[in-house]
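Some notes on the structure that comes next.
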Amino acid sequence: MADSAELNDRDPRAERVTQAYAGNRLLLGLPDEARAALKTGLSLTALARGQVLFDVGEDVRNTYLPCRPTMVALLVVTAEGREVEAATVGWEGALGGIVSGGLKPAYGRAVVQVPGPAFVVPTARLDEMRQRFPAMGDLFTRYADAMIAQMMQSVACNALHTIEQRCCRWLLSAHDRSGEDVVRLTQEALADMMGVQRTTVTAAAKVLQSDGIIQTRRGRVEILDRRKLERRACECYGQVEAHFGRLLPEIKD
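Take 478 as the starting number for the sequence shown in the working numbering and just add one per residue.
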């Protein structure tokens with residue numbers, strides 16, 4: 478695992494890395510005692526765009542907790558090799574062996590869409606910590622429930638709403654996770670995750686750009702008017718955010 482460093486209390490960088498916990502809301506929401514105990518098994522790593530964290534059928538051995546601006550897509554892979562996004566994870570959460578114990582075969586593929594830092598912990602260590610600290614187990618279980626809600630809403634959105642509405646929903650979520658107005662994502666990657674042709678996403682982006690809502694450049698999308706983007710999106714974004722806030726009030730901004 479490249480660019481990683483194990484964290485422990487004797488590490489002179491401990492204070493700096495502890496401050497970096499703020500980069501992941503789920504870690505920051507842990508009780509102090511649980512976070513301190515987890516530190517001995519935690520590593521900080523740099524994830525590259527396109528990096529596959531785990532693939533279909535693989536035993537998931539590590540749990541990843543992205544930090545801003547990192548975003549990882551969970552993809553369903555068809556028999557023909559096509560990929561469709563089921564969920565996206567950023568600084569608000571984690572992926573890989575979140576609540577399951579023992580063998581954890583991956584159902585989908587986890588691919589880094591926006592590069593950046595992430596914390597990594599062996600899933601066996603996470604299982605041990607959840608049993609040791611019930612509050613930690615409860616937090617991760619509630620997060621898993623929020624992830625299921627995101628996937629369910631995504632199914633409804635893909636079936637019922639227009640490409641423009643879906644594109645706006647995704648950009649809002651990406652904006653939340655990036656922490657800045659510029660989202661480092663290509664239109665091709667966005668089209669792949671939405672399961673549509675790039676030309677379809679390009680057409681939707683042109684409409685949003687002509688209305689002064691976004692500005693597209695090579696490999697990046699700048700959000701110019703957040704309020705207009707929210708009005709153009711479907712209700713799915715707001716519903717998922719509201720549910721997330723009810724389930725995990727301690728890790729919301």
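For every residue, glycine included, the Cβ atom is placed at its ideal position computed from N, Cα and C.
DSSP state of residue i mapped onto helix, strand, coil
{"i": "Q630", "result": "helix"}
{"i": "R545", "result": "coil"}
{"i": "D536", "result": "strand"}
{"i": "V684", "result": "helix"}
{"i": "F593", "result": "The residue asked about is misnamed: residue 593 is Gly in this sequence, not Phe. Strand, per DSSP."}
{"i": "T600", "result": "helix"}
{"i": "R586", "result": "strand"}
{"i": "E562", "result": "strand"}
{"i": "T522", "result": "strand"}
Residues near residue i in its chain [Cβ-Cβ closer than 6 Å; skip 5 each side]
{"i": "V660", "result": "A651, V698"}
{"i": "V598", "result": "G518, L519, T540"}
{"i": "V529", "result": "V588"}
Length of the line joining the Cα atoms of residue i and residue j
{"i": "V561", "j": "P543", "result": "21 Å"}
{"i": "E641", "j": "G500", "result": "30 Å"}
{"i": "I575", "j": "T555", "result": "24 Å"}
{"i": "R609", "j": "T679", "result": "49 Å"}
{"i": "L637", "j": "A513", "result": "45 Å"}
{"i": "A511", "j": "R695", "result": "42 Å"}
{"i": "L572", "j": "I690", "result": "31 Å"}
{"i": "F429", "j": "K516", "result": "The chain is shown only over 478 to 730; residue 429 falls outside these bounds and no answer can be derived."}
{"i": "M629", "j": "D669", "result": "19 Å"}
{"i": "T565", "j": "K683", "result": "24 Å"}
{"i": "V553", "j": "V632", "result": "12 Å"}
{"i": "R704", "j": "M606", "result": "41 Å"}
Reference residue i, options the options, closest by Cα
{"i": "E707", "options": "P726, V684, R654, L649", "result": "L649"}
{"i": "A563", "options": "V549, T693, E557", "result": "V549"}
{"i": "G570", "options": "L504, Q716, G534, S655", "result": "L504"}
Closer than 7 Å: residue i CB and nearest the ligand GDP heavy atom
{"i": "E560", "result": "In terms of ligand content, the structure shown is empty, and the ligand GDP therefore cannot be addressed."}
Own chain partners of residue i with C-beta closer than 7 Å, once the 5 adjacent residues on each side are dropped
{"i": "R646", "result": "C634, A710, C711, C713, Y714"}
{"i": "G534", "result": "P582, A583"}
{"i": "T663", "result": "G696"}
{"i": "A525", "result": "V589, P592"}
{"i": "E665", "result": "R675"}
Residues near residue i in its chain [Cβ-Cβ closer than 8 Å; skip 5 each side]
{"i": "V701", "result": "Checking the displayed sequence, the identity of residue 701 turns out to be Leu instead of Val. Only D658, G689, I690, I691, Q692 meet the Cβ criterion."}
{"i": "C644", "result": "L667, M671, V678, A681, A682, L685"}
{"i": "G506", "result": "L616, L725, E727, I728"}
> What runs of the alpha helix (DSSP H), each 4 residues or longer, lie entirely inside the stretch 616 to 679?
Replying inline: Listed in chain order, the complete alpha helix (DSSP H) runs (minimum 4 residues) inside the stretch 616 to 679 are 640 to 655, 664 to 671.
> Counting only runs that start and end within the stretch 681 to 729, where is the beta strand (DSSP E) found for 3 or more residues in a row?
Replying inline: If we require 3 residues or more, the beta strand (DSSP E) runs fully inside the stretch 681 to 729 come out as 691 to 694, 697 to 700.
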